[in-house]
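Asker: Have a look at this one before I ask anything.
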Amino acid sequence: MALFELLWRVLHAMLCLHRTLSAWLRHGMWAWRRWNPASLAFRFQNAKNKGKSRRARWRSDGRRLKKLPLHLGLVVTEDESSYTDIANLVVWCMAVGISYVSVYDNQGIFKRNNSRLMEEILKQQQELLGLDSSKYSTEFLNSNKKIEQVLSCPTTVKVLSPDDGKADIVKAAKKYCQLVAQQQRRSTDLNVNIMDCFLRESAFGLPDPDLVLKFGPVDSTLGFLPWHIRLTEIISLSSHINLSYERFISALQQFAACEQRMGK
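Mapped onto mature numbering (1 follows the signal peptide of the UniProt record, and there is no 0), the consecutive letters of the sequence shown carry residue numbers -22 to -1, 1 to 242.
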């Protein structure tokens, strides 16, 4: 009986030793693969190739479109906001060649948290476009500092709130009234072109949006640049959350196929 117990303990000890050695070897091999220069180089190259493939595909998608919006507005009317998904949309705009992107929600959440959105865009730019994302330039007009890289495919991003819509019209009207009071203008001189010039002064030089992608169930743009979207094509999508690239490019294809009559 004592011999049997001894053999059992020896067998148990050998089994424990085998498990310990196996776990140690697995961990050692994992660590070696992780830090081995050849393995690191492979992963680096793989990420770079993946980014190149995406860039080539997305750029090709943009070139195949009959027309591309110069300025695209992203209008969120949903209660929930996803910084990552909006950042993805901005990066896709950059990749297909859209020059100006506006981000808007009627509660001003994105504008109040502009730095967070800016960081997320730069993060997604690196993740989606690969390690060579420096070929894309991003300029954030709301930031105190201008973040720019190599000017190969420049995209200007502006984050808006209701203050940038109706409030700008009120400011322009007040300014014109002041000029009338100072006898520099006559009240009868006011027309669309003059009002348009006053509003351009507060628009950071951005052109009017050609296309607005509106996200959410609300059948309204909720104050998004009411003066500047008179001739803008508006496409409604159910949500910006988890929106796929395929759905995004489909919306651009829909815009490219539409005939804009410029108010006629």
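For each residue, glycine too, the CB sits at the ideal point set by N, CA and C. Note that the structure is predicted; figures quoted are calculated from it, not measured.
Is residue 147 helix, strand or coil when you go by DSSP?
Answerer: helix
Asker: Considering only the beta carbon of each residue, do residue 102 and residue 66 sit closer than 8 Å?
Answerer: Cβ atoms of residue 102 and residue 66: closer than 8 Å.
Asker: Compare the Cα-Cα distances from residue 190 to each of 229, 162 and 43 and report the closest residue.
Answerer: 229
Asker: For the segment 33 to 46 and the segment 59 to 79, state whether three or more C-beta atom pairs, one from each stretch, are separated by less than 8 Å.
Answerer: yes
Asker: Within the same chain, show all residues whose beta-carbon is closer than 7 Å to that of residue 47, passing over the 5 residues directly before and after it, in chain order.
Answerer: 76, 188, 189 and 233
Asker: Given this structure, state the Cα-to-Cα distance separating residue 177 from residue 204, to the nearest angstrom.
Answerer: Taking the Cα positions, residue 177 is about 11 Å away from residue 204.
Asker: Please specify which runs of the beta strand (DSSP E), each continuous and at least 3 residues long, are wholly inside the segment 43 to 123, giving them in chain order.
Answerer: 49 to 54, 78 to 83 and 114 to 118
Asker: Would residue 135 and residue 79 qualify as a contact pair, given that the criterion is a beta-carbon distance under 8 Å?
Answerer: yes
Asker: Would you check if the distance between the CB atom of residue 215 and the CB atom of residue 208 is smaller than 8 Å?
Answerer: no
Asker: With DSSP collapsed to three states, give me the class of residue 196.
Answerer: coil
Asker: Comparing C-alpha positions only, which one of 173, 142 and 172 sits nearest to residue 202?
Answerer: 142
Asker: Helix, strand or coil: how does DSSP classify residue 216 here?
Answerer: coil
Asker: What are the residues that DSSP puts in a beta bridge with residue 237?
Answerer: As computed with DSSP, residue 237 is found in no beta bridge at all.
Asker: Return the CA-CA distance between residue 8 and residue 193, expressed in angstroms with no decimal places.
Answerer: Note on residue 8: pLDDT 47, under 50, position unreliable in the model; the coordinate value appears next. Whole-angstrom Cα-Cα distance: 44 Å.
Asker: Rounded to a whole number of angstroms, what is the C-alpha to C-alpha distance between residue 139 and residue 82?
Answerer: Take the alpha-carbon of residue 139 and the one of residue 82: they are about 6 Å apart.
Asker: Measuring alpha carbon to alpha carbon, tell me which of 93, 49, 56 and 149 ends up nearest residue 195.
Answerer: 56
Asker: Use the C-beta contact count for residue 68: other C-beta atoms within 10 angstroms, 16 or more gives buried, fewer gives exposed.
Answerer: buried
Asker: With C-beta atoms as the reference, is residue 100 less than 8 Å away from residue 33?
Answerer: no
Asker: What is the rounded straight-line gap between the Cα of residue 237 and the Cα of residue 199?
Answerer: Rounded to the nearest angstrom, the gap between the Cα atoms of residue 237 and residue 199 is 21 Å.
Asker: In three-state DSSP terms, what is residue 157?
Answerer: Helix at residue 157.
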